[in-house]
Amino acid sequence: MSRIEIRNLVKMYGAHKALHGIDISIQPGEFCVLVGPSGCGKSTTLRMVAGLETISGGEIAIGERVVNGLRPKERGIAMVFQNYALYPSKTVYNNMAFSLQLSRMPRDEIDRRVREVAEILELTPLLDRKPGALSGGQRQRVAMGRAIVRDPEVFLFDEPLSNLDAKLRGQMRAEIKRLHQRLENTIIYVTHDQVEAMTLADRIVIMRDGRIEQQGTPDQIFHDPDTVFVAGFMGSPPMNLVECMVTPTGLKLGQNDIACATPSSLRAGDSVICGIRPDDIRPSADLPAGASITLPVNLIEQLGTEKLVHFMVGEHALIGKTGGRTSLTEGAAHPLSFDMAHAYFFDPKTEKRIR
Amino acid sequence: MTSMFRHMTTRGTPYLFLLPGLVILGALLSVPLYKVVEYSLYDNVIVEREPTFVGLDNYANLLSDSGFWSAGLNTIVFTVGSVLGHMVVGIGLALLVNADIAPRARTFFRSMLILPWIFTAVVVALNWQLLLNPFGLVNYVLQWLGLVSEPLDWLGNPDLAMWSLLLISTWRGYPFIMVSFLSGLQTVPKELYEAAEIDGAGFWHKFWHVTLPQLKPVIFGVALLDLIWTFQLFPLVWLSTGGGPGRATEVLSTLTFRLGFVDFQFAQAATVAVSILIISAAFTLLYLRNEARRL
Ligand SMILES: Nc1ncnc2c1ncn2[C@@H]1O[C@H](COP(=O)(O)OP(=O)(O)OP(=O)(O)O)[C@@H](O)[C@H]1O
Ligand SMILES: [Mg+2]
């Protein structure tokens, strides 16, 4: 268990600036997830912590040590790669034992550790196989085993589950969570998948174009987004974000007036981006307390326990939700109720939250 | 009826196109092959109009000839030494030019290092004769460095000639190995090296545990191919040392040539040639089997 301090981290690829000064402070034992769209610099950040990329500016400290100049093996980290990067010519046993063999640990101690970890990950029957003879999920577990046997201060994961199918991904996600509870190591975990981010993280760091957009607990990220980007990034289906006009009594959404409280800094006539999650737009019968408007519903998606209700307000396409048993007809107008107590307001120019 | 005919012609057409090639190849390959084997069963072939059939006598004589055995031994030394030299130098240089340096420098070094391969054997042999001459550059440099007190006759001294020949052959032959390995190296996933680095592997560990296992199929195939080529290599040896001094660098291929075109004992030459053929064929079969297994 060690803390990780990333201070003003900069990465240049030639003249291209991939990271513009990243600051992250990770507590000992914390599970930190980096998310963001493709190319935002998640992997770059992780690989700089690992020592696989040079540091163009700023500082990384693991524990109390600044590790900028240290080689990967001196940093006390272990990494799980997206494509697992198992040694194809070595057996599962030797894949896991390799780092210990290199550190000249006594043979019986290596054996004890490898077998113990193999037991935890249910790899014992596979120890003599080569990676080529394993399924994707099994390879993934070997890759994790290889990291765990070293008992590192910090685990680094770069999209470890992205090559698995949906069901296996769910299982492995739970397994990683359990391992973290058991081992209590500090973890930095890169993913595209917001479900992984929400379920695994103690702290989520949302990145965009080499900058940090917001960081905080999953609750804060989901329920208290700082920017339009974060609001739209987390949640599936995403938050509805529409530009509307502030009126003395609330908002004007297309042709419709919605009565609601607006932040005190807004004046009537200002334009504002209003964000409201699909969960907070329901048929009026479900949500009598909200602001009700009758609007044409043009598409209903049945997901089983719930239905997604697609409808138009002016030229904006919005999504609401209802229970799986509620019957609504496509193409007809229905009274829909907006729970404006859970609406968010953003400045259209800076895209920052107005509280 | 017509449809059947058409069917046959469409299926036969590709073979029709192949026919001229096959005929020429067959004639060029099988006739000489047959002739060589035939010659080896007669005495006084070519020089006399009516050669005498001697059966396997030529082979029996060859097996009791110390010249043949010493040439055979030299061939083994030359072949094994050359292949080892090619391998070590080829792999080493492949690793070097695969290193993460400026792309321009890399391209420059890669092209420079392939040069030995594009010269013909004559040029290579003459160049090295000049370099290794008692008054040549090599001796000059060695003397200047104080490594030798007087010039050495690298190609003329029976104790040194084979070593010099191996040097020349290594210089000449490493580029093929280097190029093969270079392409092999580029298929090794970068992530494997990164994983090894995190596991604490240094340069040699990475080479031993990641690079070599990945290259193993390439190494085996290329080494066998090189073995087949070098085993019957003639021009470079003949032009560099002529098999001399004395018989110090006489290999089976130069022995064949000497028997045939210096001593005019064509039957004996054919006999040696057939022995080369048999051994090469054995290696070739091994190579083909290895390739088949890889597919
Ligand atoms: N070796 C490199 N040379 C030049 N630019 C690079 C290199 N590696 C990454 N980049 C650039 O740096 C930026 C960040 O890349 P990075 O791999 O960190 O993205 P990412 O967030 O991991 O994306 P993804 O989710 O697709 O994996 C990208 O714009 C990418 O093009
Ligand atoms: Mg990435």
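In order, the protein sequences belong to chains D and A. Sequential numbering of the first sequence, starting at 29, is according to this note's numbering. Sequential numbering of the second sequence, starting at 824, is according to this note's numbering. Even for Gly, the Cβ is constructed at its ideal location relative to N, Cα and C.
query                                                                                                                : result
Within chain D, the residues that A:Val1041 reaches when beta carbons sit closer than 9 Å                            : What A:Val1041 touches in chain D: nothing, since even the nearest Cβ is about 14 Å away.
D:Asp186 beta carbon near ligand 2 (any heavy atom closer than 7 Å)                                                  : yes
Buried or exposed (CB count within 10 angstroms, at least 16 for buried), D:Glu241                                   : buried
Beta-carbon gap between D:Gln168 and D:Leu130 smaller than 8 Å                                                       : no
Selected residue, minimal CA-CA separation from D:Leu350, among D:Pro276, D:Pro159 and D:His338                      : One detail in the question is off: residue 350 of chain D reads as Thr in this sequence, not Leu. That would be D:His338, whose Cα lies nearest to the Cα of D:Thr350.
Separation of A:Tyr963 from A:His909, as counted between CA atoms                                                    : 26 Å
Terminal residues of the beta strand (DSSP E) in which D:Leu336 lies                                                 : Glu334 to Val341
Contact with chain D by A:Asp923, beta-carbon distance below 8 Å                                                     : no
A:Val1033: contacting residues in chain D (beta-carbon distance under 7 Å)                                           : Tyr115
Any 3 or more C-beta pairs closer than 8 Å across the region 951–970 of chain A and the region 872–884 of chain A    : no
Check whether D:Pro56 and D:Thr214 have beta carbons under 8 Å apart                                                 : yes
Three-state secondary structure (DSSP) of D:Cys377                                                                   : Checking the sequence, you will find Lys at residue 377 of chain D rather than Cys. D:Lys377: coil per DSSP, three-state reduction.
Contact test: D:Ser293 Cβ vs ligand 2 heavy atom, cutoff 7 Å                                                         : no
Contacting residues, own chain, Cβ-Cβ under 8 Å from D:Pro153 (five flanking each side not counted)                  : none
Spatially closest choice to A:Ile1102 from A:Phe1057, A:Gly959, A:Ile1051 and A:Ile869, by CA coordinates            : A:Ile1051
Run of the alpha helix (DSSP H) containing A:Asn950, from where it starts to where it stops                          : Ala944 to Leu955
Pair within 8 Å by beta-carbon distance, A:Val906 and A:Ala1046                                                      : yes
Chain-ordered chain A contacts of D:Ala371 [CB-CB under 7 Å]                                                         : Those do not exist, as D:Ala371 stays about 45 Å from chain A at its closest Cβ, beyond 7 Å.
Where D:Gly42 falls: helix, strand or coil (DSSP)                                                                    : coil
Proximity test, D:His44 beta-carbon vs ligand 1 heavy atom, cut-off 7 Å                                              : yes
Start and end residues, alpha helix (DSSP H) containing D:Lys205                                                     : Ala194 to Leu211
Contact belief for A:Gly1007 with A:Pro1068 at Cβ below 8 Å, rounded distance in angstroms                           : Rounded, the Cβ-Cβ distance is 40 Å, inconsistent with contact.
Below-8 Å beta-carbon distance, A:Gly1186 vs any chain D residue                                                     : Outside the modelled stretch of chain A, which goes from 824 to 1118, sits residue 1186 of chain A, for which no answer is possible.
Close-in-space but distant-in-sequence residues of the same chain around A:Leu983 (CB under 6 Å, 5 per side omitted) : Trp977
Burial state of A:Ala1105 (16 or more Cβ within 10 Å)                                                                : exposed
Proximal residues to A:Gln1088 (C-beta, below 8 Å), its chain only, five neighbours per side dropped                 : Leu1082
Contact belief for D:Ala125 with D:Met107 at Cβ below 8 Å, rounded distance in angstroms                             : With a Cβ gap of about 17 Å, D:Ala125 and D:Met107 do not count as contacting.
Min CB distance A:Ile847 to chain D below 8 Å                                                                        : no
Environment of A:Trp951 [buried if 16+ CB atoms lie within 10 Å]                                                     : buried
Closest by C-alpha distance to D:Gly69, when choosing among D:Arg236, D:Leu323 and D:Gly352                          : D:Arg236
Three-state class that DSSP yields for D:Ile232 in the structure shown                                               : strand
Any chain D beta carbon closer than 8 Å to A:Glu1017                                                                 : yes
Partner residues on chain A for D:Ala106, Cβ-Cβ distance less than 8 Å                                               : Ile1021
beta-carbon D:Lys70 near ligand 2 non-hydrogen atom, thresh 7 Å                                                      : yes
Residue from D:Leu315, D:Ala313, D:Ser320 and D:Ala345 with nearest C-alpha to D:Ile328                              : D:Ala345
Continuous alpha helix (DSSP H) stretch holding D:Asp221: start and end                                              : No alpha helix (DSSP H) contains D:Asp221, which DSSP labels as neither H nor E.
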